[in-house]
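Notes follow once the structure below has been shown.
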Amino acid sequence: MGTIAAALAGGAAGAVGGGIVGALIGAGIPEERARRYDRGIREGYIVIGVTPRSEEDAEYFEREWQNCRGEDIYRPSWREAA
5 MGTIAAALAG GAAGAVGGGI VGALIGAGIP EERARRYDRG IREGYIVIGV
55 TPRSEEDAEY FEREWQNCRG EDIYRPSWRE AA
């Protein structure tokens, strides 16, 4: 289980405050966006994280998420993510 998944599972079980935000920040998500995701999770929304193998994969996942009416896509530049 990855860092984010472990923190989110713990958050769902009532982990100490900041666990979800801290895990997201630790995974490279900017703090304000991590706080927004935390609020969304608390409201019943979900967060999905994907680590693409290439820029082409990243573009594919972004397109598919948009086609499925996914919202709030965070995609750092390929160099930042590598």
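The sequence shown begins at 5 in the numbering used here and counts up one residue at a time.
Glycine is no exception: its CB is placed at the ideal position from the N, C-alpha and C atoms.
All values derive from a computational prediction rather than experimental measurement.
My guess is that G26 and P80 are in contact by the Cβ rule of under 8 Å, so how many angstroms apart are they, rounded? Here the question's residue 26 lines up with position 22 in the sequence shown. Here the question's residue 80 lines up with position 76 in the sequence shown. About 18 Å separates the two Cβ atoms, so there is no contact after all.
Going by the beta-carbon positions, is the gap between I50 and A38 smaller than 9 Å? Counted from its first residue, the sequence shown places residue 50 at position 46. Counted from its first residue, the sequence shown places residue 38 at position 34. Contact annotation: I50 and A38 have beta-carbon atoms that are not nearer than 9 Å.
So, is D42 buried or exposed, given that buried needs 16 or more other C-beta atoms within 10 angstroms? The count along the sequence shown starts at 1 and reaches residue 42 at position 38. Looking at its Cβ environment, which holds 16 or more other Cβ atoms inside 10 Å, D42 is buried.
8 Å Cβ shell around I77 - same chain, five flanking residues per side excluded: Position 73 of the sequence shown, counted from the first residue, corresponds to residue 77. The beta carbon of I77 sits closer than 8 Å to those of E66, W69, Q70, all from its chain and outside the five residues before and after it, given in chain order.
Is A19 helix, strand or coil when you go by DSSP? The residue you call residue 19 lines up with position 15 of the sequence shown. Here the model assigns A19 a pLDDT of 45, short of 50, so the residue's position is not dependable, and the following value carries that caveat. A19 falls in the coil class under three-state DSSP.
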